[in-house]
Amino acid sequence: MRIHSIIPARELEPGLATIVVRIPGQPTLRSRAVMVQHHDYGAVQVAFASGHILSLSDRTMVGRIVNCTIRTSRRDTSERGTR
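Residue numbers (the numbering used here): 75 to 157.
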């Protein structure tokens, strides 16, 4: 299951989520943030797994895609329909 959301850059954290950034005149960047630095003057620097490094305003909106896997245990599946 995938969860899509739009968040401000100030909420970015390194992790497994895919970050989507559209820059005019450039191809859309879809990559994982490996390093995020928040600066006092309202900027966020992000280093992506793809090798791109961007400086964004902390109010810039970015897309985030989180892949969630929901696993059921064998015990859960064997008890289905028994009640």
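Here a beta-carbon is modelled for each residue, glycine too, at the ideal position from N, C-alpha and C.
Beta-carbon separation (whole angstroms), Val-108 vs Phe-122, contact threshold 8 angstroms: 7 angstroms
Candidates Ile-77, His-78, Gly-125, Val-140: closest to Leu-103 by CA position: Gly-125
CA-to-CA distance, Gln-119 to Ser-79, given in whole angstroms: 20 angstroms
Whole-angstrom distance between Gln-100 and Arg-138, CA atom to CA atom: 19 angstroms
Enclosing beta strand (DSSP E) for Leu-130 [first to last residue]: 127-131
Per-residue DSSP class, three states only, for Ala-83: helix
Run of the beta strand (DSSP E) containing His-112, from where it starts to where it stops: 103-112
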